[in-house]
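Participant:
Protein chains in written order, with the numbering used here: chain G, 111 to 863; chain D, 3 to 150; chain F, 5 to 187.
1. Using 7 Å as the limit for Cβ to Cβ distance, is residue 62 of chain F near chain G?
2. Beta carbon of residue 630 of chain G, beta carbon of residue 688 of chain G: below 7 Å?
3. Check for me: the beta strand (DSSP E) holding residue 782 of chain G runs from which residue to which?
4. Starting from residue 9 of chain D, find everything on chain G with Cβ-Cβ shorter than 9 Å and list it in chain order.
5. Okay, do the region 95 to 111 of chain D and the region 619 to 635 of chain G touch, 3+ Cβ pairs below 8 Å being the bar?
6. In three-state terms, what does DSSP make of residue 141 of chain D?
7. Let's see if you can read the secondary structure: which residues bound the alpha helix (DSSP H) around residue 28 of chain D?
8. Could you check whether residue 564 of chain G and residue 529 of chain G sit closer than 7 Å to each other, using their CB atoms as the reference points?
9. Interface residues of chain D around residue 777 of chain G at Cβ under 9 Å?
10. May I ask you to list the residues that DSSP assigns as paired with residue 475 of chain G?
11. Tell me whether residue 130 of chain D sits in a helix, a strand or coil according to DSSP, three-state version.
12. Would you please verify whether the beta carbon of residue 125 of chain D is less than 7 Å from any beta carbon of chain G?
13. Determine the burial state of residue 145 of chain F: buried for a count of at least 16 other Cβ atoms within 10 Å of its Cβ, exposed for fewer.
14. Buried or exposed: residue 3 of chain D, going by 16 or more other Cβ atoms within 10 Å of its Cβ?
15. Would residue 465 of chain G count as contacting chain D if we go by Cβ distances under 7 Å?
16. Taking Cβ positions only, does residue 849 of chain G come closer than 7 Å to chain F?
17. From the DSSP secondary-structure annotation, give me the bridge partner or partners of residue 297 of chain G.
18. Just by C-beta distance, which residues in the region 623 to 646 of chain G are closer than 7 Å to chain D?
19. Identify, in the order they occur along the chain, each residue of the same chain with its Cβ nearer than 8 Å to the Cβ of residue 844 of chain G, setting aside the five sequence neighbours on each side.
20. Does residue 831 of chain G come within less than 7 Å of chain F when only Cβ atoms are used?
21. Specify the secondary structure class of residue 19 of chain F as computed by DSSP and reduced to three states.
22. Whose Cβ in chain G lies nearer than 7 Å to the Cβ of residue 30 of chain D?
23. Between the Cα of residue 305 of chain G and the Cα atoms of G:288, G:293, G:328, G:275, which residue gives the shortest distance?
24. Could you tell me which residues DSSP pairs with residue 15 of chain D in its beta bridges?
25. List the whole-angstrom C-beta distance separating residue 92 of chain F from residue 76 of chain F, where the pair is believed to meet the contact cut-off of C-beta under 8 Å.
26. Taking beta-carbon pairs under 7 Å, can you tell me which members of the region 138 to 149 of chain F lie near chain G?
27. I need the straight-line Cα distance from residue 438 of chain G to residue 474 of chain G, nearest angstrom please.
28. Along chain D, in chain order, which residues have C-beta atoms closer than 8 Å to that of residue 782 of chain G?
29. Ends of the alpha helix (DSSP H) at residue 703 of chain G?
30. Which word fits residue 25 of chain D, buried or exposed, when buried means at least 16 other C-beta atoms lie within 10 angstroms of its C-beta?
31. By the DSSP assignment, the alpha helix (DSSP H) with residue 419 of chain G in it spans what residues?
32. Give the C-beta separation of residue 109 of chain F and residue 94 of chain F to the nearest angstrom, bearing in mind that I take them to be a contact with Cβ-Cβ under 8 Å.
33. Return the chain-ordered list of same chain residues with a C-beta closer than 6 Å to the C-beta of residue 160 of chain G, the five sequence neighbours on each side being excluded.
34. Thinking C-beta only, is residue 606 of chain G closer than 7 Å to residue 115 of chain D?
35. Note the first and the last residue of the continuous beta strand (DSSP E) segment covering residue 65 of chain D.
36. Once DSSP output is grouped into helix, strand and coil, what is the label at residue 136 of chain D?
The following block contains the structure:
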């Protein structure tokens, strides 16, 4: 008798129609025949004349005349025969078929497939088995047939033979030619293509590009579905100005680890007359050791030379100039967490803008923490780190650093509010590999901190334009007291000033990292009000204000040159987030200094998304003395200009045939009064094919930029949908929607005879 | 002006399960706030099914370059968290249909302070995550009855 | 070689019971009326009224009409098989010479394999030839008013001797499949 958890799950019935019919059901089901006249002998033959129709689960045959021989399950139909099997339809003059085995031949059929509305005609169709059919000198297209005799599909695949496998949802064509607007585009000796959106090996939309650096560029990615848990995409690219490069991406999902390996190799690149390569490995997994399992993450990046980041930047996205090679392993058990980490950098220097390379780090961190231990949350942390970098650029010695951090807090949490006193002791010891300017080779500093974080929550019913809301008022007070310990002589390894925002204004240390603990005697007042929909509790708007009052100057500074923060009121922090309706939303934070009546940090972002495929984003980002930029990005149907109404053609399938969409992104740097990142494009949706033209210009240094134009042709239902090489559209325009989303298969009952 | 302290949050259920039960940041922080009401989603033999189940269907974190300077150096990233959740009764009927909650924060960037920025990123993600958990608690509390 | 309907019936004596019998010597026809039951070997015919006529060579002809709301019924065992042919129609014509049975108006014919219905045919007129075991079904002919009537047939395959055991409860196993390649 199986114990409860081994008994197979009993499934409850579902009202949905069954897509697949299992074999037992298929064998037992009767055959129905209809017509104007039937003659025959039981268990022998039956002949139906006059609009004859034969029905079996999943198969319907219609013809003028139908003969069915029961003993060998043979059907012979003649006179405008139409056979519909699970939604795929074949039509033609005569058919000869063993119904159950689904073996037989069909003379000069035309056919239409359920999943992607693909259709075509052939001289002969041979049904091999319930899944596979071979059609001889056949055509295949997904362009919808328009009325009128002289209709010609925009694109069509003409092949000596095509084998359709509706079980695997794959079509394989031999001796094929791809015609686009009646001009043969590319001869294709043998090509496989997907019959549905399922992950199938196949060619992906080719991209043609023109660029001042690469010359004319053609890349044809191929997706290879190795196994349910492994797949690969190989993208060979020919660049007339430089040569041939092959990029590959291999994804794998194994029981104990999973990851992505990306590599790019270009032998003898004419641009730098050298071999170029770049590789990235991201993998996470866990190892079962006898002490328990260790979770690890790998993020390794390596490129062949310093110009790689600008020479191989695709439109709108740059590879960063500091490439991390990060290996982390974490072991955790009942409160203990031990983390080991090794982080090395490959910094791509360029003569025109030298970067101080980040520190290579080798670290061991042990932490023991308890939550809600008799009301107390406390934790002890010990950390040993080795920091190394190019001393000529960092202008400070490398070091070994050990720090200890003990924290204890007593949170009192209630619906009305909370109060959390907290004590913290931070101590650090340095062992430098050369002397500091004060002559020492080691240093240490110990800093205690006391903080209290308290907040209340008030609520009231209110309404706005016949929509009843709940408004909250959440005052918050955060007091920090840290005595002054002179640390200005200590170099910074993993420390920098954190942005002034609502998260950092309520933290004990003005700096992020462990090299500098700012001395504080300050209280931060915060007030947040939220507007929530009374029925659904959805947050519609949030407004916040926060300001600090320092009782004494903050003497600890990042380095000896910066001036200390003065006592008194700090800058005011204002924040607003509004998304009253799904259609538009606004987010902004402003850091305003009442004394100088200037703001030092402003970010304002707005979006307008009235419907699918219509989005307009605008953003203004200002950081005093660093950067001031405005950023617009959009996806909008141009047909709105001449007032075409949307045609709903299924979710995720665009707004109808013959539509142009403007896409783009403009990023203008005000303080450098120059367009930093431009991307302008038009997408055309012709129903059964899509075309994209995108012009892009990316600033790669203060004097140079790369600009290029990319053109992409996508045959819907033929080239595998999915990651388009212009992936940058999705990352550049937030809430951009692909014109053909994958997923969603049609049910066989949608094409029921 | 009508404001009064928020009273005890009364939910329309006594017991709740939050899936995925292990290894998901938003789900475990939500469970911590729901405290003693949390039950396993698949009780051992004989255990009672929880009244409602909150499924965190997806939690995606994204880091996108939003500002470059004239020499192509990254000056600003935007951190995004999108959490997709659903709430259903134990018989499987949707009390809250699958919905998304989005949070975005901008963070400045400088190549020379990569390690510090990494720590600040973690701070911002934690702040966005706790804001999303508060919104989830409000959405769950807004469900008044379990019957259709 | 086809399976024949019961051959033995041809030369079996015909026996008829009914409430009343009337001999119409003008048409040389004997007319049975009122819950008429006609048996001839394995053939059984029921109806409200049956006219039986005999031609000079001794072949018998029957015309069966049903009562209002109750169709005439015909049943015959198939030769050497545990199978029966059953049929109904507003009127049934039995032709002894050609050994055929015709069901007229809303005709239905079933072949029973033991107790279960194997095949079933419906239409306006069904003709069943006993000798060749052949049946022909015709719809109502196309008239100006209505299109041609449709006829229907249902054929059940012979149950395979080995019947596959019903599948056990479906066992779910975890998937190792990567999420759809959604960018």
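Here a beta-carbon is modelled for each residue, glycine too, at the ideal position from N, C-alpha and C.
Facilitator: Working from what's here:
1. False, the Cβ-Cβ gap to chain G never drops below 7 Å.
2. No, Cβ-Cβ distance for residue 630 of chain G and residue 688 of chain G is not below 7 Å.
3. No beta strand (DSSP E) holds residue 782 of chain G; DSSP gives it neither H nor E.
4. Going along chain G in sequence order, the residues near residue 9 of chain D (Cβ under 9 Å) are 525, 526, 569.
5. The region 95 to 111 of chain D is not in contact with the region 619 to 635 of chain G.
6. In the structure shown, residue 141 of chain D sits in a helix (DSSP, three-state: H, G or I).
7. According to the DSSP assignment, residue 28 of chain D belongs to the alpha helix (DSSP H) that extends over 27 to 36.
8. For the 7 Å CB-CB criterion, residue 529 of chain G and residue 564 of chain G form a contact.
9. The answer, in chain order, is 68, 69, 70.
10. Looking at the DSSP assignment, residue 475 of chain G forms a beta bridge with G:449, G:493.
11. Three-state DSSP puts residue 130 of chain D in a helix.
12. Between residue 125 of chain D and chain G, the shortest Cβ-Cβ separation is below 7 Å.
13. Flag for residue 145 of chain F reads exposed.
14. Only exposed fits residue 3 of chain D, as fewer than 16 other CB atoms lie within 10 angstroms of its CB.
15. So, interface residue.
16. It does not; no Cβ of chain F falls within 7 Å.
17. G:287.
18. Using a CB distance below 7 Å, the part of the region 623 to 646 of chain G facing chain D consists of 623, 642, 645, 646, ordered along the chain.
19. Take residue 844 of chain G, set aside five residues on each side of it, and the residues of its chain with a beta-carbon closer than 8 Å to its own are 717, 725, 727, 743, in chain order.
20. Confidence at residue 831 of chain G is low in this model, with a pLDDT of 47, below 50, so the placement of that residue is unreliable and no value is reported for it.
21. Strand.
22. Among the residues of chain G, none has a CB under 7 Å from the CB of residue 30 of chain D; the nearest is roughly 11 Å distant.
23. Per the Cα distances, G:275.
24. According to DSSP, residue pairing for residue 15 of chain D in a beta bridge does not occur.
25. The C-beta separation of residue 92 of chain F from residue 76 of chain F comes to about 7 Å, placing the pair in contact by the 8 Å criterion.
26. Residues 138, 139, 140, 141, 142, 143.
27. If I take the Cα positions, the gap works out to 10 Å.
28. When 8 Å is used as the limit between beta carbons, residue 782 of chain G is near these residues of chain D: 71, 72, in chain order.
29. It is not in any alpha helix (DSSP H) - residue 703 of chain G instead sits in the beta strand (DSSP E) that spans 694 to 703.
30. Under this definition residue 25 of chain D is an exposed residue.
31. That run of the alpha helix (DSSP H) goes 418 to 421.
32. At roughly 3 Å, the Cβ-Cβ gap stays under 8 Å, so residue 109 of chain F and residue 94 of chain F are in contact.
33. Around residue 160 of chain G, the same chain offers 145, 146, 147 as residues with beta carbons nearer than 6 Å, after the five sequence neighbours per side are excluded.
34. Yes, Cβ-Cβ distance for residue 115 of chain D and residue 606 of chain G is below 7 Å.
35. Its beta strand (DSSP E) spans residues 54 to 70.
36. The three-state secondary structure of residue 136 of chain D, taken from DSSP, is helix.
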